[in-house]
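Asker:
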Amino acid sequence: MDAKIKELAERYNVGDTNLFFIRNRNERRVIDAIPRILAEHPGFIPNTIDLQDIYALALNSLPPRYVQQGSIVLREPVRQDEIEDAVRTAVDTVRVRPNYPQG
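Okay, structure coming up:
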């Protein structure tokens, strides 16, 4: 493990147990959907804050699906269209109400 990642991972220790690799399965799915949904809005060029807000808003609107390393996922209760709808709503929200002054 690279030194920077190891340092970050150590922040997730509870006693002798490390929780760093427990992840919300929707994180990757939202990240994958963002470019597809942004392609529907060719005039919108999001900056870093916009992308972070889209990511956070979409994830917050979906039920969490946490898994640990080695988990076996038998079914995915959050459908792909739900992921894409959450990202679409987040993009629309950020376009209308960005999280920084417009000038």
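Okay, so the sequence shown: first residue is 13 according to the numbering used here, each after it adds one.
Backbone N, C-alpha and C fix where the C-beta goes; we use that ideal spot for every residue, glycine too.
Could you tell me the distance, in whole angstroms, from the CA atom of R37 to the CA atom of Q81?
Answerer: Working through the sequence shown from its first residue, we reach residue 37 at position 25. Working through the sequence shown from its first residue, we reach residue 81 at position 69. Using only the alpha carbons, I get a separation of about 11 Å.
Asker: Helix, strand or coil: which one does DSSP assign to A35?
Answerer: Here residue 35 refers to the residue found at position 23 when the sequence shown is read from its first residue. Reading off the sequence shown, one finds Arg at residue 35, where the question assumed Ala. It is a strand residue.
Asker: On the CB-based measure, 16 or more other CB atoms within 10 Å of its CB, does I66 come out buried or exposed?
Answerer: By 1-based counting over the sequence shown, the position of residue 66 is 54. Its Cβ being crowded by 16 or more others within 10 Å, I66 is buried.
Asker: Report the residue from N59, V103, E96, D62 whose alpha carbon sits nearest the alpha carbon of D44.
Answerer: Stepping through the sequence shown from its first residue, residue 44 is reached at position 32. Of the candidates N59, V103, E96, D62, E96 places its Cα closest to the Cα of D44.
Asker: Give me whichever residues DSSP pairs with N30 in a beta bridge.
Answerer: Within the sequence shown, numbered from 1, the residue matching residue 30 stands at position 18. Under DSSP, N30 forms a beta bridge with N25.
Asker: Please name the residue, chosen from T60, Q92, D28, K18, that lies closest to E39 on a Cα-to-Cα basis.
Answerer: For the purposes of this step, residue 39 is taken as residue 27 along the sequence shown, with counting starting at 1. Comparing Cα-Cα distances from E39 to each of T60, Q92, D28, K18, the minimum goes to Q92.
Asker: Taking all protein chains shown into account, decide if V103 is buried (16 or more other Cβ within 10 angstroms of its Cβ) or exposed.
Answerer: For this step, residue 103 is matched to residue 91 along the sequence shown. Per the 10 Å Cβ criterion, buried.
Asker: Are the segment 28–37 and the segment 69–81 in contact at 8 Å, needing three or more beta carbon pairs?
Answerer: At 8 Å Cβ cutoff, the stretches touch.
Asker: Spell out the partners DSSP gives V99 in its beta bridges.
Answerer: Looking up residue 99 in the sequence shown gives position 87. The partner list for V99 (beta bridge, DSSP) is empty, contrary to what the question assumes.
Asker: Taking Y112 as the reference, which of L74, K18, S73, N59 has the closest Cα?
Answerer: Within the sequence shown, numbered from 1, the residue matching residue 112 stands at position 100. Each of L74, K18, S73, N59 was checked against the Cα of Y112, and the nearest Cα belongs to N59.
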